[in-house]
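S.K.: I am attaching a structure below and will ask some questions about it afterwards.
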Amino acid sequence: MDKLHTFYYFLDLGGTFAFALSGAIAARERGLDLFGICAIAFTVACGGGIIRDLCIGAVPPAGLTTWYYLFTSMVAAVMTIGLYPLVKLLNRPVILFDAAGLSMFAITGAQKTLAFGHNAEAAVLLGIITAVGGGILRDILLNRVPVILEKEVYASAALIGALIVVLGDYFNWLTRDWISAIALIACFTLRMLALRGRWNLPTYSNNKSTLKD
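Its first residue numbered 23, the sequence shown is counted upward by one per residue in our numbering.
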């Protein structure tokens with residue numbers, strides 16, 4: 023744990039807040055009550071991290087034992103309820119905050135896995151799981167097809183972010199703060215460009231055996 027740096031905690035809380043906002047907004051749009059909005063916000067914010075912590079042996083998971091994760095999630099939920107008209111002014115707010123949370127958690131997931139002594143493969147895979155786990159739980163609870171199962175560039179962006187962290191740690195290119203910043207920018211930029219340019223992974227048609235664009 024000594025290898026975790028100050029910027030890690032900033033990113034971790036930032037990802038918690040961003041994902042909690044995305045969950046609260048999605049729950050608000052589905053017409054859930056106060057408890058439902060708060061529950062979805064916390065599940066999205068901490069779900070991926072809890073899965074990661076269980077996998078690396080960091081038990082009990084930080085999301086269940088550290089007060090500021092719950093506090094941050096509830097602040098995001100209350101802000102969404104109280105300032106919903108203002109939040110709605112943002113262009114597609116769920117997607118924006120989801121992309122921010124995805125980028126931050128891909129990085130912190132990989133970093134924490136490395137800090138607990140696991141290898142590069144585990145760091146990359148758990149970085150992805152940390153990034154996409156909360157979003158999957160959100161979509162399942164709201165009865166939607168999880169984004170990761172569709173053709174959008176989503177998990178691929180998390181893969182790039184986690185991979186940069188792992189390679190930076192292995193080759194010791196720059197300080198961890200700089201590697202984190204580069205990975206964050208790369209993941210977020212790829213996700214937003216994919217959304218703007220409608221970049222998609224190839225999918226199989228139900229009626230054809232060939233790939234479609």
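From the three backbone atoms N, C-alpha and C, an ideal C-beta is built for every residue, glycine too.
Model, not experiment: these values are computed from the prediction.
What is the DSSP secondary structure of W221, reduced to helix, strand or coil?
M.R.: Correct three-state label for W221: coil.
S.K.: Are A153 and F119 closer than 9 Å when you measure CB to CB?
M.R.: Cβ distance not < 9 Å, so A153 and F119 don't count as in contact.
S.K.: Under 9 Å, do P38 and G123 count as touching if we go by C-beta distance?
M.R.: In the sequence under discussion, the amino acid at residue 38 is Thr, which differs from the Pro named in the question. Going by C-beta atoms, T38 is nearer than 9 Å to G123.
S.K.: When burial is assigned at 16 or more other CB atoms within 10 Å of the CB, is F64 buried or exposed?
M.R.: Label assigned to F64: buried.
S.K.: What is the DSSP secondary structure of E172, counted as helix, strand or coil?
M.R.: Three-state DSSP puts E172 in coil, outside helix and strand.
S.K.: Does DSSP put G85 in a helix, a strand or coil?
M.R.: Three-state DSSP puts G85 in a helix.
S.K.: So, are the CB atoms of L35 and Y90 less than 9 Å apart?
M.R.: Yes, the pair counts as a contact, with Cβ atoms nearer than the cut-off.
S.K.: What separation, rounded to the nearest whole angstrom, lies between the Cα atoms of T232 and L171?
M.R.: In this prediction, T232 scores a pLDDT of 46, lower than 50, which makes its location untrustworthy; no coordinate-derived value is stated.
S.K.: Restricting to Cα atoms, I'd like to know which of G79, P82, L181, V175 is closest to W221.
M.R.: Minimum Cα distance to W221 is reached at V175.
S.K.: Quick check: the segment 139-159 against the segment 194-202, are at least 3 beta-carbon pairs closer than 8 Å?
M.R.: No, they do not touch.
S.K.: With contact counted as at least three CB pairs below 8 Å, one residue from each stretch, are the segment 95-103 and the segment 43-53 in contact?
M.R.: The segment 95-103 vs the segment 43-53: in contact.
S.K.: Which of the three DSSP states is assigned to V154 in this structure?
M.R.: Reduced to three states, the DSSP call for V154 is helix.
S.K.: Taking only the alpha-carbon atoms, compute the straight-line gap between E51 and Y106 and give it to the nearest angstrom.
M.R.: Straight-line Cα distance between these residues: approximately 10 Å.
S.K.: Nearest-angstrom Cα distance between F41 and F193?
M.R.: F41 and F193: Cα-Cα distance of roughly 31 Å.
S.K.: On the three-state DSSP scale, how would you describe D24?
M.R.: Bear in mind that a pLDDT of 46 at D24, under 50, signals an unreliable position, so the number given afterwards is only what the model happens to contain. Coil at D24, not helix or strand.
S.K.: Determine the DSSP secondary structure at W195, reduced to helix, strand or coil.
M.R.: Note: W195 maps to coil in three-state DSSP.
S.K.: Express the C-alpha separation of D191 and P168 in angstroms, rounding to a whole number.
M.R.: Straight-line Cα distance between these residues: approximately 31 Å.
S.K.: Over the uninterrupted alpha helix (DSSP H) stretch that includes A63, give me the two end residues.
M.R.: Start and end: 56-78.
S.K.: So, does the segment 125-144 touch the segment 206-215, judging by three or more C-beta pairs under 8 Å?
M.R.: The segment 125-144, when compared against the segment 206-215, does touch it at the 8 Å Cβ threshold.
S.K.: Looking at the unbroken alpha helix (DSSP H) that takes in V109, where does it start and where does it end?
M.R.: Segment 106-109, the alpha helix (DSSP H) holding V109.
S.K.: Ordered along the chain, which non-local residues of its own chain (more than five positions away) have a Cβ less than 7 Å from that of L185?
M.R.: The residues are V146.
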